[in-house]
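All remarks here apply to the structure that follows.
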Amino acid sequence: MLSFFKLDTIKENAFQEGVQIWTDSSKVKRFKKLLINAEEILSKLQPNQKINYDDVLRKMIDAWKKNGERPKILIHSCCAPCSTYVLEFLSQRADITIYFTNSNIHPKVEYERRKYVQEKFINDFNERTGNHVAFLAAPYLPLDYFAKTKGLEKEPECGKRCSVCFEMRLDLAAKKAKELNFDYFATALTISPHKNSQVINQIGLMLQKTDDFPYLPADFKKRGGYQRSIEMCKEYDVYRQCYCGCVFAALQQGVDLVKVVHDAKQALKAVEDAKFLTENEGNVAIEN
Numbered sequence: 160m161l162s163f164f165k166l167d168t169i170k171e172n173a174f175q176e177g178v179q180i181w182t183d184s185s186k187v188k189r190f191k192k193l194l195i196n197a198e199e200i201l202s203k204l205q206p207n208q209k210i211n212y213d214d215v216l217r218k219m220i221d222a223w224k225k226n227g228e229r230p231k232i233l234i235h236s237c238c239a240p241c242s243t244y245v246l247e248f249l250s251q252r253a254d255i256t257i258y259f260t261n262s263n264i265h266p267k268v269e270y271e272r273r274k275y276v277q278e279k280f281i282n283d284f285n286e287r288t289g290n291h292v293a294f295l296a297a298p299y300l301p302l303d304y305f306a307k308t309k310g311l312e313k314e315p316e317c318g319k320r321c322s323v324c325f326e327m328r329l330d331l332a333a334k335k336a337k338e339l340n341f342d343y344f345a346t347a348l349t350i351s352p353h354k355n356s357q358v359i360n361q362i363g364l365m366l367q368k369t370d371d372f373p374y375l376p377a378d379f380k381k382r383g384g385y386q387r388s389i390e391m392c393k394e395y396d397v398y399r400q401c402y403c404g405c406v407f408a409a410l411q412q413g414v415d416l417v418k419v420v421h422d423a424k425q426a427l428k429a430v431e432d433a434k435f436l437t438e439n440e441g442n443v444a445i446e447n
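The numbering used here numbers the first residue of the sequence shown as 160 and each following residue consecutively.
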C-alpha cells in the first residue's frame with residue numbers, strides 16, 4: 160500500500176521506477192508511468208537541422224506501441240475541418256479530447272457556428288467509427304485576444320500576430336491538459352498548408368518548458384493529411400469557413416462580415432428549428 164511509504168522516499172525513487180508524482184496537501188494525488196517526451200527524439204538531431212515533426216510524431220507513436228501505451232491527449236482544434244484527419248489518425252492510437260479554445264474568432268455568432276460544427280463532427284465521427292472522442296469548449300473571451308494582439312492589428316497573415324494567437328491558444332490547452340491530468344497537449348493547426356508548422360511546433364515545445372507539461376509535436380498535413388481532411392469534410396458534410404477567424408485577417412482578405420453574420424445566424428437557426436421539430440415530433444403526431 161502507498162501509505163506504508165514515506166513521501167520523500169517515493170520522490171527519490173520516482174525517476175528510477177519510471178513514475179511521475181503529483182502531490183496535494185502532502186499526499187500523493189496521482190502517479191503514473193512516464194511516456195516518451197519529444198525532447199528524447201529532438202535531442203538526437205543535428206544542431207540547426209530542420210525538423211520533420213511528422214517523423215517525430217510517428218517515432219513517439221512507435222514508442223507507445225512498443226510499450227503497450229495508449230496516452231490521453233488534449234488537442235486544441237480551431238475548427239471542425241482541421242480536426243477531421245487528426246481524429247482519424249490519432250484516435251486509433253490514443254484517447255482524444257478536442258479542446259475548442261478560440262477567442263480569436265470574430266464575430267461571436269461565427270464562433271458559435273464553428274463550435275457547433277466542431278461538436279457535431281465529433282459526434283458524427285464517433286457514431287460512424289465507434290470511437291469515443293470527447294469535446295471540451297473554453298469560454299469565449301475575445302477581449303483577452305485583443306489585449307494579446309494590441310499593436311499587431313496591421314500585421315500580415317502568418318506574421319507576428321498569428322504567432323501570438325497560436326501561443327495564446329496552445330498555452331490554454333497546455334494548462335487545461337495539466338489541470339485534467341492528460342498525458343500530452345497538442346494542436347490540429349498543422350493540418351493547414353497556410354500555417355507554418357515549424358513556428359507552431361516551436362511554440363508548443365517552448366510551452367512544454369514554461370508550462371512544465373508534455374507537448375506532442377506533429378505536422379498533420381504531411382502524407383496526404385490535408386487532402387484527406389478535404390475528403391472527410393465532404394463525407395461528413397462539414398462547414399468549411401472562408402477565413403481563419405480573426406477580424407484583422409478577415410478585413411485584410413476582404414471578407415464580407417455582414418454575410419458571415421447572416422449565414423451563421425441562418426445556420427444556427429436551422430439547427431434550433433431541427434431540434435425543436437425532433438423534440439416535439441410526438442406532440443405533432445398526436446395533434447394530427
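Built from N, CA and C at the ideal position, the CB exists for glycine as well.
Cβ-based neighbour list, residue i, same chain, cut-off 7 Å, excluding 5 preceding and 5 following
i, result
"N355", "C317"
"N196", "P373"
Proximal residues to residue i (C-beta, below 6 Å), its chain only, five neighbours per side dropped
i, result
"D378", "Y212, D213, T349 and S356"
"L300", "S262"
"T308", "R320 and V323"
"F294", "I257, E278 and I281"
"C404", "The amino acid at residue 404 is misidentified as Cys; the sequence shows Gly. Excluding positions up to five away in sequence, the list reads N263 and I264."
"K231", "D254, F341 and D342"
Exposure of residue i, with buried meaning 16 or more beta-carbon neighbours within 10 Å
i, result
"E431", "exposed"
"D342", "buried"
"R272", "buried"
"S351", "buried"
"T182", "Only weak support is given to the placement of T182: the predicted model assigns it a pLDDT of 33, under 50, and the value that follows is read from those uncertain coordinates. T182 is exposed by the Cβ-count criterion."
"A336", "buried"
"E413", "Strictly speaking, residue 413 in this sequence is Gly, with Glu absent from that position. Exposed, because fewer than 16 other Cβ atoms sit within 10 Å of the Cβ of G413."
"S202", "exposed"
"P240", "buried"
"Q400", "buried"
"K380", "buried"
"G384", "buried"
Separation of residue j from residue i, as counted between CA atoms
i, j, result
"H291", "F259", "17 Å"
"D415", "H353", "21 Å"
"A222", "S236", "25 Å"
"K428", "F435", "10 Å"
"K267", "G227", "43 Å"
"D330", "L249", "21 Å"
Proximity test, residue i beta-carbon vs the ligand NAD heavy atom, cut-off 8 Å
i, result
"P352", "The ligand NAD is not part of the structure shown, which contains no ligands of any sort."
Close Cβ partners of residue i (< 8 Å) along its chain, the five nearest in sequence each way excluded
i, result
"K319", "L311"
"Q386", "none"
"D303", "S262 and M327"
Helix, strand or coil at residue i according to DSSP, with G and I counted as helix
i, result
"I362", "helix"
"A297", "coil"
"H353", "coil"
"Y398", "coil"
"R320", "helix"
Counterpart residues of residue i in DSSP-defined beta bridges
i, result
"L348", "Paired residues: none, contrary to the question."
"Y258", "H235 and L295"
"Y385", "DSSP, once it has assigned bridges, lists no residue as partnering Y385."
"Y374", "F344"
Neighbour flag for residue i against chain B, beta carbons, 9 Å
i, result
"E431", "Given the protein chain composition of this structure (a single chain), no chain B is represented."
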